[in-house]
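The numbering of the sequence shown is my numbering, which starts it at 1 and goes up by one.
Some notes on the structure that comes next.
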Amino acid sequence: MKKYLIISFFIGALLFSSGCALTDSTLNSDEGYWKVTFTADVSVYNDGSISQSGGGPSACFADGYISSVMYFAVGGGSPVKQESFVTLNSVNCLSCSSEIVSNSTEIPIYLQAKLDVSGYEFTGDFVPEVNNELSVWMEEPVIYSIDVAYTCQGAPGVSSDYGSYISQIVSPFLTEVHHLVVEPDQLSTKTREGFAFPPAYLADIEFNILEEYITEIK
């Protein structure tokens with residue numbers, strides 16, 4: 001249920017939020033486009049090498065997601081347009097409770113992506129023959145600081161994370177290219193558990209991809 005709500009919410013935000021409009025122009029193609037709606041829920045946790053200790057928030061882990069709408073030429077390749085964001089939902093610390101107290105939603109990012117189209121026919125009506133493959137990754141880190149209120153031993157306090165939590169969410173895309181099989185007009189789901197990335201993190205990732213054929217980009 002979570003993945004359907006996230007995709008529905010994100011599509012609605014793109015349609016109705018003035019700050020998220022793609023452009024005012026329309027792209028047209030004789031063959032049309034692939035519209036790919038993509039989300040990746042990322043839950044980061046300890047790989048076991050970080051011990052729980054008293055005092056301040058010595059080890060904290062991010063939970064959030066990446067969301068994107070990308071448009072590709074019908075023959076595939078790199079996206080001709082995209083709107084992509086990262087959102088931090090929560091921070092979980094080993095020895096403290098925590099609460100996000102500054103904006104942590106829909107932070108703009110840029111995804112690298114490639115759509116490999118294995119086979120298709122175009123004879124007026126679009127008839128897909130086989131599955132396509134979406135490859136997605138990132139090349140540039142995201143630096144975005146978030147303020148978090150921590151309640152540990154002693155008095156509570158608010159501190160900046162200096163960009164570390166958003167970095168945790170996007171790091172799996174900076175360290176590996178993810179290859180995802182997609183089928184037109186079908187919600188495709190793939191999970192990866194225990195994805196390891198430095199310095200000492202694991203992440204469970206759930207990918208949800210919906211690919212649709214459209215005739216124009218508005």
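Idealized CB from N, CA, C, for every residue including glycine.
All values derive from a computational prediction rather than experimental measurement.
{"Asked": "Let me check understanding here. Comparing Cα to Cα, which of Y213, D63, V74 lies closest to I100?", "Found": "D63"}
{"Asked": "With distances taken between CB atoms, is the gap from V181 to D161 smaller than 9 Å?", "Found": "no"}
{"Asked": "Smallest Cα separation from A40: which of S98, V80, D47, T87?", "Found": "T87"}
{"Asked": "Could you tell me whether the stretch 192-199 touches the stretch 110-119, where touching means 3 or more Cβ pairs closer than 8 Å?", "Found": "no"}
{"Asked": "Buried or exposed: E212, going by 16 or more other Cβ atoms within 10 Å of its Cβ?", "Found": "exposed"}
{"Asked": "Could you compute how far the alpha carbon of I226 sits from the alpha carbon of C93?", "Found": "This structure cannot settle anything about residue 226, because the visible part of the chain is limited to 1 through 218."}
{"Asked": "Pick from I66, V91, A73: whose alpha carbon is nearest that of T151?", "Found": "V91"}
{"Asked": "In the DSSP assignment, find the unbroken alpha helix (DSSP H) run with S164 in it and report its ends.", "Found": "164-174"}
{"Asked": "With distances taken between CB atoms, is the gap from I169 to V69 smaller than 9 Å?", "Found": "no"}
{"Asked": "With a 10 Å radius around its C-beta and 16 neighbouring C-beta atoms as the bar for buried, classify T37 as buried or exposed.", "Found": "buried"}
{"Asked": "Identify which residue in G77, I146, C96 has its Cα closest to the Cα of T105.", "Found": "I146"}
{"Asked": "What does a CB cutoff of less than 7 Å around S171 pick up in its chain, not counting 5 residues either side in sequence?", "Found": "F197"}
{"Asked": "Please state whether DSSP places V75 in a helix, a strand or coil.", "Found": "Residue identity differs from the one stated: residue 75 is Gly in this sequence, not Val. G75: coil per DSSP, three-state reduction."}
{"Asked": "According to the Cβ coordinates, are F195 and V136 closer than 9 Å?", "Found": "no"}
{"Asked": "When burial is assigned at 16 or more other CB atoms within 10 Å of the CB, is Y165 buried or exposed?", "Found": "buried"}
{"Asked": "Taking a contact to mean a Cβ-Cβ separation below 9 Å, would you say I217 touches Y71 in this structure?", "Found": "yes"}
{"Asked": "Which partner residues does I205 have in the DSSP bridge list?", "Found": "V42, R192"}
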